[in-house]
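Its first residue numbered -10, the sequence shown is counted upward by one per residue in this note's numbering. Read the structure below first, then the notes.
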Amino acid sequence: MRDVLEAIVITTPGAPASRPGFVGTASSCARGAAPPLASRDNSLGASRRRSPRSADVAEIDPATRAEFERYAKLFWINTGPYNNLTARKFVLACTPEAFAAAARAAARAGARFPLRAGETLDALLDRLRPMFFDSEFDPTVTAKTPPHGQDILAASANNLYVGVTMKDLEGVEERYALNSRVVKGDGGIVEEVYRVGGTYGRCIEAIIEHLEAAIAYASEPMANALRALIAFYRSGEDADREAYDIAWVQDRESPVDTINGFVEVYLDARSIKGAWEALVFYVNAEKTHQIRTLAEHAQWFEDHMPWDPKYRKEGVHGVTARAIDVVIETGESGPITPVGINLPNDQGIRERYGSKSVSLSNVNEAFDRSTLPEFRTEFSSTPEEASRATKWSALASELTTNMHEVIGHGSGKVDQRLNGSPQAALREHFSAIEESRADLVALYFVADRRLVELGLVEPESHDEIVRAEYEAYARNALVQLRRVRQGTHIEEDHMRNRQMIVRWLMRHTRAIDVRVRDGKTYFVMVDAAAFREGAGRLLAEVQRIKGEGDYAAARALVETYGVHFDPALRDEVVARVDRLRLPSYTAFVMPRLEAIRNGEGDVVDVTISYPLDLKAQMLEYSAATRHLRT
-10 MRDVLEAIVI TTPGAPASRP GFVGTASSCA RGAAPPLASR DNSLGASRRR SPRSADVAEI
50 DPATRAEFER YAKLFWINTG PYNNLTARKF VLACTPEAFA AAARAAARAG ARFPLRAGET
110 LDALLDRLRP MFFDSEFDPT VTAKTPPHGQ DILAASANNL YVGVTMKDLE GVEERYALNS
170 RVVKGDGGIV EEVYRVGGTY GRCIEAIIEH LEAAIAYASE PMANALRALI AFYRSGEDAD
230 REAYDIAWVQ DRESPVDTIN GFVEVYLDAR SIKGAWEALV FYVNAEKTHQ IRTLAEHAQW
290 FEDHMPWDPK YRKEGVHGVT ARAIDVVIET GESGPITPVG INLPNDQGIR ERYGSKSVSL
350 SNVNEAFDRS TLPEFRTEFS STPEEASRAT KWSALASELT TNMHEVIGHG SGKVDQRLNG
410 SPQAALREHF SAIEESRADL VALYFVADRR LVELGLVEPE SHDEIVRAEY EAYARNALVQ
470 LRRVRQGTHI EEDHMRNRQM IVRWLMRHTR AIDVRVRDGK TYFVMVDAAA FREGAGRLLA
530 EVQRIKGEGD YAAARALVET YGVHFDPALR DEVVARVDRL RLPSYTAFVM PRLEAIRNGE
590 GDVVDVTISY PLDLKAQMLE YSAATRHLRT
């Protein structure tokens, strides 16, 4: 069973090229904050353990084998040889002999290979053969639920831990927990720090070069944040990372912004170490009203959370929320992209300084335009459900995404004994718990009449929007199984969270029925009131788990409802989507920015174009960074 991939283009129709500072800031940040010209390989290196240079092999001219081109595209969009959503390795379907013949042909044509000292091309191909062809060799990049008896770090094929198990880390205090990998050598446990002069140092120096160029064009608050980011990249010290997070949160008005660094922890089975990512974006003023309204009333939502009042924030402040159009995303954020972001992840900074939420407007619009109607009709139990999905899905999705980020991730507090780090207590289950918490906040409040009072939905449409959202959420827990074509459990945290919520509601409420008609299974939302009541009950427990750092309860909840599934049901879903040629996942081709300079070399304008060829864009990115890999 093979995945069907779709690649679509992100456009930036509202790019404010005439606004002071936009041209130079966006152009410079796009070069340094998004590593077509800087640090794309930071992410490539972290995502695999035993073949850190297979990226070079994957990018040889694939003309001799269509299969090789298929593999190369998957490698590029997943930032490595593992599926971004399932964590499973994908392999070449051609023979090793055909692959070797293509490599030798490329060598005769002048291609260069990352040979070790004294190594021949044939020896290199033999060394990499298990990685390219054996699906059971390093099969999973992140194994939060490994086979029985295996260690979660040893079973994970990423590059964050080398020769290290969870037992090895007992009693070890990591100084650079977010921005390092841990290696066990003869001298014991060593942290290899991501900073100038350290691991990925050359790539980080290239990022800094472009960030420094952007400072001249940036607003003063953004310039302060960029200086703090540069200081962190130079030192790697957590105090400098905190200073950057604070400066970034406090920049609330700059029309252009960037997210840049070791941010999300999904790649790490421990949910501690950040994977590198970068985005550059500008504010979409026309779309900002909805998300800003939620931020302005964050205290009301906090006061009405259905959890223990001791976990409610008082005096909510520093909540910034904007709709944005992305110019470029890379590393862990692209070409497979999020639709909303809330940062920083540091719980202590959230509670003291607030957070920034963004809804990726042009990404959401591209998703909606590209969604085939068959997705709704095939898995909707009635024509009426499909009609509701067609009419309301875009609005409901935008609304719940905004609530997920602003009043979901941005809400709540934890017990002081956790020292602002619930992820250290919840370990491999932290990310699934946190994503479920944010989803449940959105599901609970989408049905609240407060949204009508705030003018976010029309009163006559509210009930239909709620029903459409609840139906879509139930339906998605079924449809997402198309992505897990191997194995019998889910690894990706967002997918775990969604299945966990739906399966918990099935077990504990009357909100969702499972129905079979003509050999087809449907998850049918039958009681919206029960759905909301159940979401509130589960939300209270999930917040308690996070607030107390209750690892045992987190593990029981996630592994009971979020991890395992019936493979026969998965096979049915796969057959249905394959028959209709529906994609398993979507990647994005990014806009291309070219700076226009005057005679003195200053950036005076920028042209934005839209490449229509994923392969051409990926080869362009690789050519631009090749000097950093030699």
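Note that CB positions come from ideal geometry on N, CA and C, so glycine has one too. This structure is a prediction, so every number in the text was calculated from the model and none was measured.
- If you draw a 10 Å sphere on the C-beta of K345, you find 16 or more other C-beta atoms in it, and that means buried.
- Within the region 102 to 152, no beta strand (DSSP E) run of at least 3 residues lies entirely inside it.
- For T84, the number of other beta carbons within 10 angstroms of its own is below 16, and it is reported as exposed.
- K535 is classed as buried because its beta carbon has at least 16 other beta carbons within 10 Å across all chains shown.
- When the Cα atoms are used, E417 and G538 turn out to be separated by approximately 12 Å.
- Using a 10 angstroms sphere on the CB of N148, the tally of other CB atoms reaches 16 or more, which defines it as buried.
- Judged by pairs of C-beta atoms under 8 Å, the region 248 to 260 does not touch the region 273 to 288, as fewer than three such pairs exist.
- Every alpha helix (DSSP H) of 4 residues or more that sits fully in the region 446 to 516 is shown, in chain order, as 451 to 468 and 482 to 497.
- Judged by DSSP in its simplified three-state form, W237 adopts helix.
- According to the DSSP assignment, F356 belongs to the alpha helix (DSSP H) that extends over S350 to S359.
- Residue environment: P327 is assigned as buried (16 or more neighbouring CB atoms within 10 Å of its CB, all protein chains considered).
- For a cut-off of 8 Å, the C-beta gap from F577 to I(-1) is around 5 Å, short enough to register as a contact.
- By the C-beta density criterion, Q405 is exposed, having fewer than 16 other C-beta atoms within 10 angstroms.
- Remark: C-beta atoms of A76 and E354 do not approach each other more closely than 8 Å.
- Look at I66 here: in three-state DSSP terms it is helix.
- Positions of the alpha helix (DSSP H) runs, each at least 4 residues long and wholly inside the region 396 to 436, are given as 411 to 415 and 419 to 434 in order along the chain.
- Under the criterion of beta carbons closer than 8 Å, V151 and V172 qualify as touching, at roughly 4 Å.
- Secondary structure note for T1: it is in no beta strand (DSSP E), with a DSSP letter that is neither H nor E.
- Within the same chain, L617 come within 6 Å of R191 by CB-CB distance, once the 5 residues on both sides are set aside.
- Within 10 angstroms of the beta-carbon of A518 lie fewer than 16 other beta-carbons, which makes it exposed.
- With respect to F270, T575 sits apart: the two C-beta atoms are not nearer than 8 Å.
- Nearest to G323 by C-alpha distance, out of T498, R487, N249 and R499, is N249.
- S386: not part of any beta strand (DSSP E); member of the alpha helix (DSSP H) spanning P372 to M392, first to last residue.
- Around the beta carbon of E86, fewer than 16 other beta carbons lie within 10 angstroms, which makes this residue exposed.
- Of G337, A383 and G399, the smallest CA-CA separation from L407 is found for G337.
- Nearest Cα to A436 within the set E424, V455 and P448: V455.
- The C-alpha of G401 lies about 32 Å from the C-alpha of T154.
- DSSP places A264 in no alpha helix (DSSP H) but in the uninterrupted beta strand (DSSP E) bounded by A264 to V272.
- Only buried fits L415, as 16 or more other CB atoms lie within 10 angstroms of its CB.
- The residue from V547, S376 and E583 with its alpha-carbon nearest to that of K133 is V547.
- C-alpha of A413 to C-alpha of A457: approximately 37 Å in a straight line.
- Taking C-beta atoms under 8 Å as the contact rule, T510 and E561 qualify, at a distance of about 6 Å.
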